[in-house]
Amino acid sequence: MSAGSIVVPVLVALGVAIELACCLGVLVMDDAFDKLHFLGPAAIVGPLLIAIAIVATESFSQSGVKALLTAALLIVASPVLTHATARALYIRRRDHIEQDPRPRP
Amino acid sequence: MNLWLIAATVLLFGLVPCAVVMLRGSIVEALVGLQMAGVLQTVVLLLLAQGFHRPPFFDLSLVLALLMLAGGLVFARMLERWV
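Given below as structure tokens:
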């Protein structure tokens, strides 16, 4: 039994477990800001582990490089999306719920 | 069924919580659920491509990740201003 035959299932299982745990976190949390926190590990750790598992299986072939590229794209895109969503939520709440105490010019 | 296809099948169950959030939550919570579903689908496509040993299928997950970024930004901008 080689090291790869142990490492790859462990990486895939970890990646899947992290994704499912984050899905449950999105479901369980009450506030949208709290839900947003679970997008980070789901878009960064999970895909990275699975991409590493694919590279461990296929080496740096076409499949391995594309898997790494997809994981890298998710890693870059996730913070941008999270920031944009949190900004939208903040502006919506500020305009519709919270009143700005400062006088408007 | 190999390891990759089993993982993809298990991961599909994660869409259920996302669907519940999208159907029951506020509109911003629905956007969070949509983004989580997009991430999940990207990973599922990765696993399916590897499971079926079809390297061109990896392009699907790559394109989905790219479109998810663009779509999410458009939705966030729209929710910020109009809806």
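Sequence lines, in order, name chains A and B. Quick note: the first sequence uses our numbering, first residue -6, plus one each step. Quick note: the second sequence uses our numbering, first residue 4, plus one each step. All residues carry an ideal CB built from backbone N, CA and C; glycine is no exception.
Setting aside the 5 residues that flank it on each side, A:ALA44 is surrounded in the same chain by ALA60, LEU61, ALA64, each with a C-beta closer than 6 Å to its C-beta; the list follows chain order. Residues of the stretch 5 to 37 of chain A whose Cβ lies closer than 8 Å to any Cβ of chain B, in chain order: VAL5, ALA6, GLY8, VAL9, GLU12, LEU13, CYS15, CYS16, LEU17, VAL19, LEU20, ALA25, LYS28, LEU29, PHE31, LEU32, ALA35, ALA36. Within chain A, the residues GLN55, SER56, LYS59, ALA60, THR63 have their CB atoms less than 8 Å from the CB of B:PHE61, given in chain order.
In this structure, B:LEU67 places its C-beta atom within 8 Å of the C-beta atom of B:GLY41. Using beta-carbon distances, A:ILE(-1) does not count as an interface residue toward chain B, since no partner is under 8 Å. Counting only residues of its own chain and dropping the five nearest sequence neighbours on each side, A:SER71 has a CB closer than 7 Å to the CB of LEU32, GLY33, ALA36, ILE37. Short of 8 Å from the beta carbon of B:LEU14, and not among the five residues preceding or following it, lie these beta carbons of its own chain, in chain order: LEU43, VAL46, VAL47, LEU50. Here B:GLY17 carries a coil assignment [DSSP, helix/strand/coil]. In this structure, A:VAL9 sits away from B:PRO20, with a CB-CB distance that is not shorter than 8 Å. Only residues of its own chain outside the window of five on either side were considered, and among them ALA79, LEU82 have a CB closer than 7 Å to the CB of A:PHE26, listed in chain order. What B:GLN53 touches in chain A, judged by beta-carbon distance under 9 Å, is ILE43, ALA46, ILE47, THR50, GLU51, SER56, ALA60, going in chain order. Residue-level contact check: B:GLN38 touches chain A, since one or more beta carbons of chain A fall below 8 Å from its beta carbon. Closest by C-alpha distance to B:MET71, out of A:SER52, A:THR75, A:PHE53, A:VAL58, is A:THR75. When secondary structure is reduced to three states using DSSP, B:MET4 falls in the coil class, being assigned neither helix nor strand. Across the structure, A:LEU7 and B:SER64 are spaced so that their CA atoms are roughly 20 Å apart. Here B:MET39 carries a helix assignment [DSSP, helix/strand/coil].
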